[in-house]
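Visitor:
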Amino acid sequence: MTDPFGFLTTPRRPVPARPSGERLGDWHEVYAGQALLPLVSGQARRCMDCGVPFCHGGCPLGNLIPEWNVYAAHDDWCTASERLHATNNFPEFTGRVCPAPCEDACVLALGGEPVTIKNVEQAIADEAWARGHVRAHPPERLTGRSVAVVGSGPAGLAAAQQLTRAGHLVTVFERSDRVGGLLRYGIPAFKLEKRHLDRRIAQMREEGTRFRTGVAVGTDLDATAMRSAHDAVIVAVGATEPRELAVPGRESEGVHQAMEYLTAANRVAEGDRARPSVTAEGRRVVIIGGGDTGTDCLGTALRQGAASVVHVDVKPMAGASRREDEPWPLVHPRIHRVSHAHEEARDRDGDDPRVFCAAAVRFERDAAGRVEAVCLTEVDPSDRAPRPGTERTLPAQLVLLALGFRGPRHGTPLTAALGLVPDDRGNFARTAGFAARAADPVPEGVFVA
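Under the working numbering, the first residue of the sequence shown carries the number 36, and numbering increases by one thereafter.
This is the structure in C-alpha coordinates:
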(Lines of atoms letter the chains of each structure in order from A and count residues from 1; the text may use other names and numbers.)
(Lines give C-alpha, C1' and ligand atoms only; values in the text may rest on other atoms or scores of the structure.)
Protein backbone atom coordinates (compact mmCIF):
# COMPACT_ATOMS: atom_id res chain seq x y z
CA MET A 1 0.00 0.00 0.00
CA THR A 2 1.51 3.34 -1.04
CA ASP A 3 -0.75 5.54 1.10
CA PRO A 4 -2.66 3.92 3.99
CA PHE A 5 -5.13 6.81 3.97
CA GLY A 6 -5.35 7.32 0.20
CA PHE A 7 -8.79 5.78 -0.09
CA LEU A 8 -10.01 8.17 2.63
CA THR A 9 -8.37 11.39 1.47
CA THR A 10 -8.64 11.00 -2.31
CA PRO A 11 -12.09 10.72 -3.89
CA ARG A 12 -12.64 8.58 -6.97
CA ARG A 13 -12.10 10.63 -10.09
CA PRO A 14 -12.20 8.84 -13.46
CA VAL A 15 -10.24 10.18 -16.39
CA PRO A 16 -12.53 12.76 -18.03
CA ALA A 17 -13.87 12.39 -21.53
CA ARG A 18 -13.71 14.98 -24.25
CA PRO A 19 -16.87 17.15 -24.57
CA SER A 20 -19.65 15.17 -26.24
CA GLY A 21 -20.15 17.75 -28.98
CA GLU A 22 -16.48 17.47 -29.90
CA ARG A 23 -16.59 13.67 -29.83
CA LEU A 24 -19.54 13.50 -32.21
CA GLY A 25 -17.53 15.39 -34.80
CA ASP A 26 -14.88 12.69 -35.16
CA TRP A 27 -14.13 9.00 -34.61
CA HIS A 28 -11.32 9.45 -32.11
CA GLU A 29 -11.39 7.90 -28.64
CA VAL A 30 -13.56 9.62 -26.09
CA TYR A 31 -10.97 10.05 -23.32
CA ALA A 32 -8.71 13.05 -22.86
CA GLY A 33 -5.49 11.05 -23.04
CA GLN A 34 -2.13 10.79 -21.33
CA ALA A 35 -1.96 14.43 -20.24
CA LEU A 36 -3.70 13.31 -17.07
CA LEU A 37 -1.05 10.88 -15.78
CA PRO A 38 -0.81 12.72 -12.41
CA LEU A 39 -4.55 12.09 -11.96
CA VAL A 40 -4.08 8.38 -12.68
CA SER A 41 -1.16 8.11 -10.24
CA GLY A 42 -3.28 9.73 -7.55
CA GLN A 43 -6.12 7.32 -8.20
CA ALA A 44 -3.74 4.34 -7.97
CA ARG A 45 -2.84 5.51 -4.46
CA ARG A 46 -6.43 4.76 -3.41
CA CYS A 47 -5.67 1.02 -3.75
CA MET A 48 -5.51 -0.60 -0.29
CA ASP A 49 -3.38 -3.57 -1.42
CA CYS A 50 -5.88 -5.85 0.28
CA GLY A 51 -4.75 -9.05 1.96
CA VAL A 52 -7.37 -10.85 -0.11
CA PRO A 53 -7.57 -8.82 -3.35
CA PHE A 54 -11.06 -9.54 -4.62
CA CYS A 55 -10.21 -7.58 -7.76
CA HIS A 56 -8.16 -10.64 -8.80
CA GLY A 57 -11.27 -12.80 -8.71
CA GLY A 58 -13.28 -10.18 -10.56
CA CYS A 59 -10.75 -10.02 -13.41
CA PRO A 60 -11.17 -12.81 -15.99
CA LEU A 61 -7.39 -12.69 -16.60
CA GLY A 62 -6.41 -12.65 -12.93
CA ASN A 63 -4.48 -9.41 -13.37
CA LEU A 64 -2.08 -8.53 -10.54
CA ILE A 65 -3.95 -5.29 -9.92
CA PRO A 66 -2.61 -4.24 -6.48
CA GLU A 67 0.96 -4.83 -7.67
CA TRP A 68 0.81 -2.54 -10.67
CA ASN A 69 -1.25 0.01 -8.77
CA VAL A 70 1.70 0.42 -6.39
CA TYR A 71 4.14 1.02 -9.25
CA ALA A 72 1.75 3.39 -11.05
CA ALA A 73 1.33 5.36 -7.81
CA HIS A 74 5.12 5.87 -7.78
CA ASP A 75 5.24 6.71 -11.51
CA ASP A 76 7.30 3.56 -12.17
CA TRP A 77 5.56 2.87 -15.47
CA CYS A 78 8.17 0.37 -16.69
CA THR A 79 7.77 -2.02 -13.74
CA ALA A 80 4.02 -1.47 -13.74
CA SER A 81 3.95 -2.53 -17.38
CA GLU A 82 5.99 -5.66 -16.63
CA ARG A 83 3.55 -6.75 -13.93
CA LEU A 84 0.58 -5.90 -16.13
CA HIS A 85 1.93 -7.87 -19.09
CA ALA A 86 2.62 -10.84 -16.82
CA THR A 87 -1.06 -11.80 -17.12
CA ASN A 88 -2.32 -9.76 -20.05
CA ASN A 89 -0.94 -9.80 -23.59
CA PHE A 90 -2.87 -6.74 -24.72
CA PRO A 91 -3.63 -4.31 -21.85
CA GLU A 92 -4.02 -1.42 -24.29
CA PHE A 93 -7.09 -3.27 -25.63
CA THR A 94 -8.65 -4.41 -22.36
CA GLY A 95 -7.96 -1.04 -20.72
CA ARG A 96 -10.28 0.46 -23.31
CA VAL A 97 -13.01 -2.08 -24.01
CA CYS A 98 -13.28 -4.31 -20.92
CA PRO A 99 -16.41 -3.62 -18.78
CA ALA A 100 -14.12 -3.68 -15.70
CA PRO A 101 -15.69 -6.36 -13.46
CA CYS A 102 -12.58 -5.88 -11.29
CA GLU A 103 -14.03 -2.55 -10.16
CA ASP A 104 -17.28 -4.24 -9.14
CA ALA A 105 -15.20 -6.61 -7.00
CA CYS A 106 -12.92 -3.91 -5.51
CA VAL A 107 -13.18 -3.90 -1.70
CA LEU A 108 -13.79 -0.15 -1.77
CA ALA A 109 -16.99 -0.84 -3.72
CA LEU A 110 -18.39 -2.54 -0.61
CA GLY A 111 -19.05 0.77 1.09
CA GLY A 112 -17.95 3.42 -1.35
CA GLU A 113 -16.45 3.94 -4.79
CA PRO A 114 -13.87 1.54 -6.26
CA VAL A 115 -10.42 2.33 -7.57
CA THR A 116 -10.42 3.45 -11.22
CA ILE A 117 -8.65 0.23 -12.20
CA LYS A 118 -9.57 0.41 -15.87
CA ASN A 119 -8.13 3.91 -16.24
CA VAL A 120 -4.92 2.89 -14.47
CA GLU A 121 -4.53 -0.16 -16.73
CA GLN A 122 -4.93 1.90 -19.89
CA ALA A 123 -2.51 4.56 -18.63
CA ILE A 124 0.16 1.98 -17.78
CA ALA A 125 -0.12 0.34 -21.20
CA ASP A 126 -0.08 3.62 -23.14
CA GLU A 127 2.79 5.11 -21.15
CA ALA A 128 4.85 1.94 -21.53
CA TRP A 129 4.44 2.13 -25.30
CA ALA A 130 5.23 5.85 -25.32
CA ARG A 131 8.45 5.32 -23.34
CA GLY A 132 9.59 2.38 -25.44
CA HIS A 133 9.20 -0.17 -22.65
CA VAL A 134 7.11 -2.51 -24.82
CA ARG A 135 9.48 -4.40 -27.09
CA ALA A 136 9.38 -7.48 -29.25
CA HIS A 137 10.33 -10.75 -27.51
CA PRO A 138 11.38 -13.21 -30.21
CA PRO A 139 12.12 -16.72 -28.94
CA GLU A 140 15.68 -17.56 -27.93
CA ARG A 141 15.43 -20.92 -29.70
CA LEU A 142 12.97 -22.64 -32.02
CA THR A 143 11.24 -25.91 -31.21
CA GLY A 144 10.81 -27.01 -34.81
CA ARG A 145 7.05 -27.35 -34.32
CA SER A 146 4.38 -25.42 -36.18
CA VAL A 147 0.96 -24.20 -35.08
CA ALA A 148 -1.94 -22.85 -37.15
CA VAL A 149 -4.28 -20.36 -35.47
CA VAL A 150 -7.62 -19.87 -37.21
CA GLY A 151 -8.98 -16.42 -36.39
CA SER A 152 -7.16 -13.19 -35.53
CA GLY A 153 -9.43 -11.78 -32.86
CA PRO A 154 -8.19 -11.21 -29.30
CA ALA A 155 -8.11 -14.92 -28.40
CA GLY A 156 -6.30 -15.94 -31.57
CA LEU A 157 -3.75 -13.13 -31.28
CA ALA A 158 -3.02 -13.89 -27.63
CA ALA A 159 -2.53 -17.59 -28.36
CA ALA A 160 -0.32 -16.81 -31.34
CA GLN A 161 1.91 -14.45 -29.38
CA GLN A 162 2.42 -16.85 -26.49
CA LEU A 163 3.17 -19.79 -28.80
CA THR A 164 5.57 -17.75 -30.92
CA ARG A 165 7.48 -16.65 -27.83
CA ALA A 166 7.66 -20.30 -26.76
CA GLY A 167 9.60 -21.03 -29.96
CA HIS A 168 6.92 -22.49 -32.22
CA LEU A 169 6.40 -21.38 -35.81
CA VAL A 170 2.92 -19.84 -35.75
CA THR A 171 0.75 -18.87 -38.71
CA VAL A 172 -2.51 -16.98 -38.13
CA PHE A 173 -5.23 -17.42 -40.76
CA GLU A 174 -7.79 -14.62 -41.05
CA ARG A 175 -10.72 -14.69 -43.48
CA SER A 176 -10.97 -10.87 -43.68
CA ASP A 177 -8.54 -8.68 -45.58
CA ARG A 178 -7.04 -7.26 -42.37
CA VAL A 179 -5.86 -8.79 -39.11
CA GLY A 180 -7.82 -8.13 -35.94
CA GLY A 181 -11.21 -9.81 -36.11
CA LEU A 182 -13.58 -8.24 -33.60
CA LEU A 183 -10.92 -5.71 -32.58
CA ARG A 184 -10.71 -4.47 -36.18
CA TYR A 185 -14.27 -4.60 -37.45
CA GLY A 186 -16.56 -5.03 -34.45
CA ILE A 187 -15.39 -2.37 -32.00
CA PRO A 188 -15.78 1.27 -33.12
CA ALA A 189 -12.71 3.48 -33.31
CA PHE A 190 -14.13 5.83 -30.67
CA LYS A 191 -13.60 2.99 -28.19
CA LEU A 192 -10.43 1.51 -29.69
CA GLU A 193 -8.43 3.39 -32.30
CA LYS A 194 -6.92 0.90 -34.71
CA ARG A 195 -3.42 2.34 -34.37
CA HIS A 196 -3.17 0.42 -31.09
CA LEU A 197 -4.00 -2.80 -32.91
CA ASP A 198 -1.61 -2.11 -35.80
CA ARG A 199 1.21 -1.37 -33.36
CA ARG A 200 0.71 -4.68 -31.54
CA ILE A 201 0.50 -6.66 -34.79
CA ALA A 202 3.79 -5.08 -35.91
CA GLN A 203 5.35 -6.28 -32.65
CA MET A 204 4.03 -9.80 -33.27
CA ARG A 205 5.44 -9.84 -36.81
CA GLU A 206 8.82 -8.78 -35.42
CA GLU A 207 8.65 -11.68 -32.96
CA GLY A 208 8.08 -14.11 -35.81
CA THR A 209 4.31 -14.62 -36.02
CA ARG A 210 3.12 -14.95 -39.61
CA PHE A 211 -0.28 -13.78 -40.85
CA ARG A 212 -2.30 -14.87 -43.86
CA THR A 213 -5.33 -12.69 -44.56
CA GLY A 214 -8.18 -13.27 -46.98
CA VAL A 215 -8.09 -17.00 -46.24
CA ALA A 216 -11.26 -18.71 -45.04
CA VAL A 217 -10.06 -22.06 -43.74
CA GLY A 218 -12.41 -24.76 -44.98
CA THR A 219 -13.34 -22.78 -48.10
CA ASP A 220 -10.23 -21.10 -49.52
CA LEU A 221 -7.89 -23.54 -47.80
CA ASP A 222 -8.67 -27.19 -47.15
CA ALA A 223 -8.94 -27.63 -43.38
CA THR A 224 -7.71 -31.22 -43.42
CA ALA A 225 -4.64 -30.23 -45.41
CA MET A 226 -3.98 -27.36 -43.02
CA ARG A 227 -4.20 -29.72 -40.06
CA SER A 228 -1.79 -32.16 -41.70
CA ALA A 229 0.72 -29.38 -42.37
CA HIS A 230 0.95 -28.31 -38.71
CA ASP A 231 1.69 -30.00 -35.40
CA ALA A 232 -1.33 -28.33 -33.79
CA VAL A 233 -4.32 -26.19 -34.73
CA ILE A 234 -6.12 -23.64 -32.56
CA VAL A 235 -9.61 -22.65 -33.66
CA ALA A 236 -10.31 -19.14 -32.36
CA VAL A 237 -13.06 -17.95 -34.68
CA GLY A 238 -15.10 -16.18 -32.00
CA ALA A 239 -18.82 -16.08 -31.27
CA THR A 240 -20.13 -15.04 -34.66
CA GLU A 241 -23.65 -16.53 -34.62
CA PRO A 242 -26.02 -13.68 -33.64
CA ARG A 243 -29.27 -14.15 -31.79
CA GLU A 244 -32.25 -13.54 -34.02
CA LEU A 245 -35.57 -11.81 -33.40
CA ALA A 246 -38.28 -13.99 -34.88
CA VAL A 247 -41.13 -11.51 -35.26
CA PRO A 248 -43.29 -10.56 -38.24
CA GLY A 249 -41.55 -8.20 -40.63
CA ARG A 250 -38.01 -9.31 -39.72
CA GLU A 251 -37.23 -9.69 -43.43
CA SER A 252 -37.98 -6.01 -44.11
CA GLU A 253 -35.32 -3.96 -45.82
CA GLY A 254 -33.51 -1.85 -43.24
CA VAL A 255 -33.51 -4.43 -40.43
CA HIS A 256 -29.92 -5.50 -39.80
CA GLN A 257 -27.82 -7.38 -37.31
CA ALA A 258 -25.64 -5.04 -35.26
CA MET A 259 -22.36 -6.58 -36.38
CA GLU A 260 -23.28 -6.10 -40.04
CA TYR A 261 -23.80 -2.41 -39.32
CA LEU A 262 -20.68 -1.94 -37.19
CA THR A 263 -18.49 -3.77 -39.68
CA ALA A 264 -19.70 -1.50 -42.50
CA ALA A 265 -18.91 1.60 -40.43
CA ASN A 266 -15.47 0.33 -39.44
CA ARG A 267 -14.57 -0.47 -43.04
CA VAL A 268 -15.22 3.16 -43.94
CA ALA A 269 -13.08 4.30 -41.01
CA GLU A 270 -10.30 1.99 -42.27
CA GLY A 271 -10.50 3.57 -45.72
CA ASP A 272 -11.82 0.45 -47.43
CA ARG A 273 -14.96 2.20 -48.68
CA ALA A 274 -16.12 5.76 -49.26
CA ARG A 275 -19.57 5.13 -47.75
CA PRO A 276 -20.92 2.34 -45.55
CA SER A 277 -23.27 -0.22 -47.06
CA VAL A 278 -25.57 0.40 -44.07
CA THR A 279 -25.79 3.91 -42.65
CA ALA A 280 -27.85 5.83 -40.09
CA GLU A 281 -27.31 9.18 -41.75
CA GLY A 282 -30.56 11.19 -41.72
CA ARG A 283 -32.61 8.19 -40.55
CA ARG A 284 -34.77 7.37 -37.58
CA VAL A 285 -32.95 4.52 -35.86
CA VAL A 286 -34.21 1.94 -33.37
CA ILE A 287 -31.64 -0.25 -31.61
CA ILE A 288 -32.94 -3.40 -29.94
CA GLY A 289 -30.72 -4.79 -27.20
CA GLY A 290 -29.36 -3.06 -24.12
CA GLY A 291 -25.79 -4.39 -23.97
CA ASP A 292 -22.43 -2.99 -25.04
CA THR A 293 -23.01 -3.84 -28.69
CA GLY A 294 -26.17 -1.75 -28.60
CA THR A 295 -24.30 1.23 -27.17
CA ASP A 296 -21.62 0.81 -29.85
CA CYS A 297 -24.40 1.05 -32.44
CA LEU A 298 -25.76 4.12 -30.65
CA GLY A 299 -22.44 5.97 -30.69
CA THR A 300 -21.91 5.04 -34.34
CA ALA A 301 -25.39 6.17 -35.39
CA LEU A 302 -24.92 9.53 -33.66
CA ARG A 303 -21.60 10.11 -35.43
CA GLN A 304 -23.19 9.22 -38.77
CA GLY A 305 -25.84 11.88 -38.22
CA ALA A 306 -28.96 9.88 -37.39
CA ALA A 307 -32.14 11.96 -37.28
CA SER A 308 -33.17 10.23 -34.05
CA VAL A 309 -32.18 7.15 -32.07
CA VAL A 310 -34.20 5.02 -29.64
CA HIS A 311 -32.44 2.31 -27.64
CA VAL A 312 -34.78 -0.50 -26.54
CA ASP A 313 -33.92 -2.66 -23.51
CA VAL A 314 -36.12 -5.57 -22.43
CA LYS A 315 -34.80 -5.29 -18.87
CA PRO A 316 -36.14 -2.82 -16.30
CA MET A 317 -34.16 0.29 -15.47
CA ALA A 318 -31.71 -0.67 -12.72
CA GLY A 319 -31.22 1.19 -9.49
CA ALA A 320 -28.30 3.39 -8.51
CA SER A 321 -26.79 0.73 -6.23
CA ARG A 322 -26.63 -3.04 -5.83
CA ARG A 323 -29.76 -4.99 -5.05
CA GLU A 324 -29.85 -7.17 -1.96
CA ASP A 325 -29.82 -10.31 -4.09
CA GLU A 326 -26.61 -9.14 -5.82
CA PRO A 327 -24.25 -8.65 -2.86
CA TRP A 328 -20.63 -7.59 -3.13
CA PRO A 329 -18.27 -8.96 -4.48
CA LEU A 330 -20.57 -10.34 -7.19
CA VAL A 331 -19.44 -8.85 -10.51
CA HIS A 332 -21.72 -7.29 -13.11
CA PRO A 333 -24.46 -6.23 -10.68
CA ARG A 334 -27.54 -4.63 -12.19
CA ILE A 335 -26.72 -0.94 -11.66
CA HIS A 336 -27.95 1.89 -13.84
CA ARG A 337 -25.02 3.02 -15.94
CA VAL A 338 -24.74 5.86 -18.43
CA SER A 339 -22.27 5.08 -21.19
CA HIS A 340 -20.50 7.74 -23.21
CA ALA A 341 -22.87 7.03 -26.11
CA HIS A 342 -25.92 7.58 -23.88
CA GLU A 343 -24.35 10.81 -22.64
CA GLU A 344 -23.81 11.93 -26.23
CA ALA A 345 -27.43 11.19 -27.15
CA ARG A 346 -28.71 13.02 -24.08
CA ASP A 347 -26.57 16.08 -24.84
CA ARG A 348 -27.55 16.11 -28.51
CA ASP A 349 -31.24 15.30 -28.24
CA GLY A 350 -32.04 16.41 -24.70
CA ASP A 351 -32.97 13.04 -23.20
CA ASP A 352 -31.67 9.55 -22.50
CA PRO A 353 -32.46 7.47 -25.62
CA ARG A 354 -33.34 4.30 -23.71
CA VAL A 355 -36.74 2.66 -23.37
CA PHE A 356 -36.83 0.02 -20.63
CA CYS A 357 -39.08 -2.99 -20.09
CA ALA A 358 -40.03 -3.08 -23.76
CA ALA A 359 -39.82 -5.63 -26.56
CA ALA A 360 -40.39 -5.50 -30.30
CA VAL A 361 -43.35 -7.61 -31.44
CA ARG A 362 -43.32 -6.77 -35.16
CA PHE A 363 -41.80 -4.57 -37.84
CA GLU A 364 -44.05 -2.63 -40.18
CA ARG A 365 -42.97 -1.89 -43.74
CA ASP A 366 -44.06 0.21 -46.67
CA ALA A 367 -45.19 -0.99 -50.09
CA ALA A 368 -41.58 -1.30 -51.25
CA GLY A 369 -40.72 -3.62 -48.35
CA ARG A 370 -38.70 -1.05 -46.40
CA VAL A 371 -39.11 -0.90 -42.64
CA GLU A 372 -41.04 2.15 -41.51
CA ALA A 373 -41.97 1.39 -37.89
CA VAL A 374 -41.30 -0.87 -34.91
CA CYS A 375 -44.21 -2.02 -32.80
CA LEU A 376 -43.22 -2.27 -29.12
CA THR A 377 -45.01 -3.69 -26.13
CA GLU A 378 -44.26 -3.26 -22.46
CA VAL A 379 -43.12 -6.44 -20.70
CA ASP A 380 -43.42 -7.67 -17.14
CA PRO A 381 -40.05 -7.13 -15.42
CA SER A 382 -40.23 -10.50 -13.65
CA ASP A 383 -40.78 -12.83 -16.61
CA ARG A 384 -40.72 -10.49 -19.64
CA ALA A 385 -44.25 -11.50 -20.58
CA PRO A 386 -45.99 -8.93 -22.84
CA ARG A 387 -48.50 -6.65 -21.12
CA PRO A 388 -51.75 -6.53 -23.06
CA GLY A 389 -52.88 -3.13 -24.23
CA THR A 390 -49.43 -1.50 -24.03
CA GLU A 391 -48.43 -1.64 -27.68
CA ARG A 392 -47.07 1.49 -29.33
CA THR A 393 -45.36 2.27 -32.59
CA LEU A 394 -42.01 3.95 -33.14
CA PRO A 395 -41.14 5.35 -36.58
CA ALA A 396 -38.01 3.65 -37.91
CA GLN A 397 -36.01 3.66 -41.12
CA LEU A 398 -33.16 1.57 -39.71
CA VAL A 399 -33.46 -1.16 -37.09
CA LEU A 400 -30.38 -2.72 -35.52
CA LEU A 401 -30.56 -6.02 -33.65
CA ALA A 402 -28.01 -6.14 -30.82
CA LEU A 403 -29.25 -9.20 -28.97
CA GLY A 404 -25.93 -10.92 -28.30
CA PHE A 405 -24.42 -14.05 -29.78
CA ARG A 406 -25.22 -17.74 -29.45
CA GLY A 407 -21.64 -18.86 -29.95
CA PRO A 408 -19.45 -19.87 -32.91
CA ARG A 409 -20.97 -20.94 -36.18
CA HIS A 410 -21.39 -24.70 -36.45
CA GLY A 411 -21.80 -26.94 -39.49
CA THR A 412 -19.17 -25.15 -41.58
CA PRO A 413 -16.53 -26.87 -43.73
CA LEU A 414 -13.97 -25.98 -41.04
CA THR A 415 -15.90 -27.52 -38.15
CA ALA A 416 -16.83 -30.58 -40.21
CA ALA A 417 -13.25 -31.27 -41.28
CA LEU A 418 -11.91 -30.92 -37.73
CA GLY A 419 -14.79 -32.80 -36.09
CA LEU A 420 -15.89 -29.89 -33.92
CA VAL A 421 -19.32 -30.16 -32.28
CA PRO A 422 -21.28 -27.84 -29.97
CA ASP A 423 -21.54 -28.29 -26.22
CA ASP A 424 -24.73 -27.62 -24.28
CA ARG A 425 -24.08 -23.86 -24.37
CA GLY A 426 -23.38 -23.65 -28.10
CA ASN A 427 -19.59 -23.34 -27.80
CA PHE A 428 -17.17 -25.86 -29.24
CA ALA A 429 -17.06 -28.93 -27.01
CA ARG A 430 -13.66 -29.22 -25.34
CA THR A 431 -11.74 -30.77 -22.49
CA ALA A 432 -10.44 -28.89 -19.47
CA GLY A 433 -7.22 -28.42 -21.41
CA PHE A 434 -9.03 -26.80 -24.36
CA ALA A 435 -8.53 -29.81 -26.64
CA ALA A 436 -11.46 -30.31 -28.97
CA ARG A 437 -13.87 -33.04 -27.90
CA ALA A 438 -16.45 -34.84 -30.03
CA ALA A 439 -18.42 -38.07 -30.25
CA ASP A 440 -16.12 -39.26 -33.01
CA PRO A 441 -12.35 -39.15 -32.55
CA VAL A 442 -10.97 -35.69 -33.22
CA PRO A 443 -7.57 -35.39 -34.89
CA GLU A 444 -4.96 -35.06 -32.18
CA GLY A 445 -3.63 -31.57 -31.66
CA VAL A 446 -6.84 -29.62 -32.35
CA PHE A 447 -7.67 -27.02 -29.70
CA VAL A 448 -10.50 -24.51 -29.39
CA ALA A 449 -10.64 -21.10 -27.75
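Beta carbons: idealized from backbone N, C-alpha and C, even for Gly. Bear in mind that the values here come from a model prediction, so they are computed numbers and not experimental data.
1. If we count the other Cβ atoms within 10 Å of its Cβ and call it buried at 16 or more, is Arg219 buried or exposed?
2. Can you give the Cα-Cα distance for Leu99 and Leu119, rounded to whole angstroms?
3. State yes or no: is the C-beta of Arg372 within less than 8 angstroms of the C-beta of Arg358?
4. Under a three-way DSSP split, which group does Ser76 fall into?
5. Can you check whether the CB of Thr206 is closer than 8 angstroms to the CB of Met239?
6. Figure out for me which residue from Val142, Ser116, Ser312 and Arg389 has the closest Cα to the Cα of Gly7.
7. Taking DSSP as the reference, what is the three-state secondary structure of Thr298?
8. What runs of the beta strand (DSSP E), each 3 residues or longer, lie entirely inside the stretch 314-386?
9. Taking 8 angstroms as the threshold, find out whether the stretch 145-158 comes into contact with the stretch 178-188 through three or more Cβ pairs.
10. If distances are taken between C-alpha atoms only, which option among Ala79, Glu316, Arg53 and Val65 comes closest to Pro46?
11. Assign Arg230 to one of two classes, buried (16 or more other C-beta atoms within 10 Å of its C-beta) or exposed (fewer than that).
12. Note down the Cα distance separating Pro364 from Asp257, rounded to an integer number of angstroms.
13. Going by C-alpha distance, which of Asp266, His367 and Pro174 is nearest Thr244?
14. For Glu242, does the three-state DSSP call read helix, strand or coil?
15. Could you spell out where the beta strand (DSSP E) holding Arg400 opens and where it closes?
16. Give every residue of the same chain whose Cβ lies closer than 7 angstroms to the Cβ of Thr259, excluding the five residues on either side of it in the sequence, and list them in chain order.
17. In the DSSP assignment, find the unbroken alpha helix (DSSP H) run with Ser116 in it and report its ends.
18. With a cut-off of 8 angstroms on the beta carbons, I'd call Gln443 and Thr275 a contact; round off their distance for me.
19. Is Ile159 helix, strand or coil by DSSP?
20. Buried or exposed: where does Arg278 fall if 16 or more other Cβ atoms within 10 Å of its Cβ makes it buried?
21. Examine the Cβ distances between the stretch 426-445 and the stretch 460-468 and report whether three or more of them are shorter than 8 angstroms.
22. Check whether the Cβ atoms of Leu429 and Val366 lie closer than 8 angstroms to each other.
23. Using the Cα positions of Ser343 and Pro101, report the straight-line distance between them to the nearest angstrom.
24. Hey, would you say Ala394 sits closer than 8 angstroms to Val349, going by beta carbons?
25. I'd like to confirm the pairing. Which residues does DSSP put opposite Glu209 in its beta bridges?
26. Just to confirm my understanding: we take Val142, look at its own chain, exclude 5 residues before and 5 after, and list those with CB closer than 7 angstroms. What are they?
27. Just list the residues that DSSP pairs Phe89 with in beta bridges.
28. How about Val50 and Leu74: do their beta carbons lie closer than 8 angstroms?
29. Quick check: the Cα distance between Val321 and Pro54, rounded to an integer number of angstroms?
30. Can the beta-carbon of Leu59 be found less than 8 angstroms from the beta-carbon of Leu337?
31. According to DSSP, what are the bridge partners of Cys410?
32. From Thr114 to Val65, what does the alpha carbon distance come to, in whole angstroms?
33. Going by other Cβ atoms of all chains shown within 10 Å of its Cβ, with 16 needed for buried, is Phe225 buried or exposed?
34. Here's the rule: buried if 16 or more other CB atoms are within 10 angstroms of the residue's CB, otherwise exposed. What is Arg166?
Guide: The short version:
1. As a working mapping, residue 219 is identified with position 184 in the sequence shown. Result: buried.
2. If you number the sequence shown from 1, residue 99 lands on position 64. If you number the sequence shown from 1, residue 119 lands on position 84. One C-alpha to the other measures close to 7 angstroms.
3. What you label residue 372 is simply residue 337 of the sequence shown in a count that begins at 1. What you label residue 358 is simply residue 323 of the sequence shown in a count that begins at 1. No, the Cβ-Cβ distance between Arg372 and Arg358 is not below 8 angstroms.
4. The residue labelled residue 76 in the question sits at position 41 within the sequence shown. Here Ser76 sits in helix by DSSP.
5. Mapped onto the sequence shown, residue 239 falls at position 204. Mapped onto the sequence shown, residue 206 falls at position 171. Their beta carbons are not under 8 angstroms apart, which means Met239 does not touch Thr206 by this criterion.
6. Examination of residue 7 is not possible in this model, given that the chain is present from 36 through 484 alone.
7. Translated into the one-based positions of the sequence shown, residue 298 becomes position 263. It is helical.
8. As far as the stretch 314-386 is concerned, its whole beta strand (DSSP E) runs of at least 3 residues are 319-323 and 343-348.
9. no
10. Residue mapping note: residue 46 aligns to position 11 of the sequence shown, counting from 1. Per the Cα distances, Ala79.
11. As a working mapping, residue 230 is identified with position 195 in the sequence shown. Label assigned to Arg230: exposed.
12. Residue numbering aside, residue 364 sits at position 329 when the sequence shown is read from its first letter. Residue numbering aside, residue 257 sits at position 222 when the sequence shown is read from its first letter. Looking at the two C-alpha atoms, the distance is approximately 47 angstroms.
13. The sequence position of residue 244 within the sequence shown is 209, counting from 1. Minimum Cα distance to Thr244 is reached at Pro174.
14. The residue given as residue 242 occupies position 207 in the sequence shown. Note: Glu242 maps to helix in three-state DSSP.
15. Locating residue 400 in the sequence shown gives position 365, counting from the first residue. Segment Ala393 to Arg400, the beta strand (DSSP E) holding Arg400.
16. Taking the sequence shown and counting its residues from 1, the one referred to as residue 259 is at position 224. So the qualifying residues of the chain are Ala452.
17. Numbered from its first residue, the sequence shown carries residue 116 at position 81. Note, Ser116: alpha helix (DSSP H), Trp112 to His120.
18. Within the sequence shown, the letter at position 408 stands for residue 443. Within the sequence shown, the letter at position 240 stands for residue 275. Reading off the sequence shown, one finds Pro at residue 443, where the question assumed Gln. Indeed they touch by this definition, with Cβ atoms about 6 angstroms apart.
19. Start at 1 with the first residue of the sequence shown, and residue 159 comes out as number 124. In this structure, Ile159 counts as helix in the three-state DSSP scheme.
20. By one-based count along the sequence shown, residue 278 stands at place 243. Burial call: exposed.
21. yes
22. Working through the sequence shown from its first residue, we reach residue 429 at position 394. Working through the sequence shown from its first residue, we reach residue 366 at position 331. Their beta carbons are not under 8 angstroms apart, which means Leu429 does not touch Val366 by this criterion.
23. Position 308 of the sequence shown holds residue 343. Position 66 of the sequence shown holds residue 101. When rounded, the distance between both Cα atoms is 44 angstroms.
24. Here residue 394 corresponds to residue number 359 of the sequence shown, with the count starting at 1. Here residue 349 corresponds to residue number 314 of the sequence shown, with the count starting at 1. Result yes, Cβ atoms of Ala394 and Val349 sit closer than 8 angstroms.
25. Working through the sequence shown from its first residue, we reach residue 209 at position 174. Per DSSP, Thr248.
26. Within the sequence shown, the letter at position 107 stands for residue 142. Contacts found: Met83, Cys85 and Phe89.
27. Position 54 of the sequence shown, counted from the first residue, corresponds to residue 89. None, per the DSSP bridge assignment.
28. In the sequence shown, counting from the first residue as 1, residue 50 sits at position 15. In the sequence shown, counting from the first residue as 1, residue 74 sits at position 39. The answer is yes: Cβ separation under 8 angstroms.
29. Against the sequence shown, residue 321 aligns to sequence position 286. Against the sequence shown, residue 54 aligns to sequence position 19. So the two alpha carbons sit approximately 25 angstroms from each other.
30. For this step, residue 59 is matched to residue 24 along the sequence shown. For this step, residue 337 is matched to residue 302 along the sequence shown. It is a contact, given that the beta carbons lie within the stated cut-off.
31. Position 375 of the sequence shown, counting from 1, holds the residue named residue 410. DSSP lists Arg397 and Thr428 as partners of Cys410.
32. For the purposes of this step, residue 114 is taken as the residue at position 79 of the sequence shown. For the purposes of this step, residue 65 is taken as the residue at position 30 of the sequence shown. Going by the C-alpha atoms only, they are around 27 angstroms apart.
33. In the sequence shown, counting from the first residue as 1, residue 225 sits at position 190. With 16 or more other Cβ atoms within 10 Å, it is buried.
34. The residue labelled residue 166 in the question sits at position 131 within the sequence shown. By the neighbour-count definition (other C-beta atoms within 10 Å, threshold 16), Arg166 is an exposed residue.
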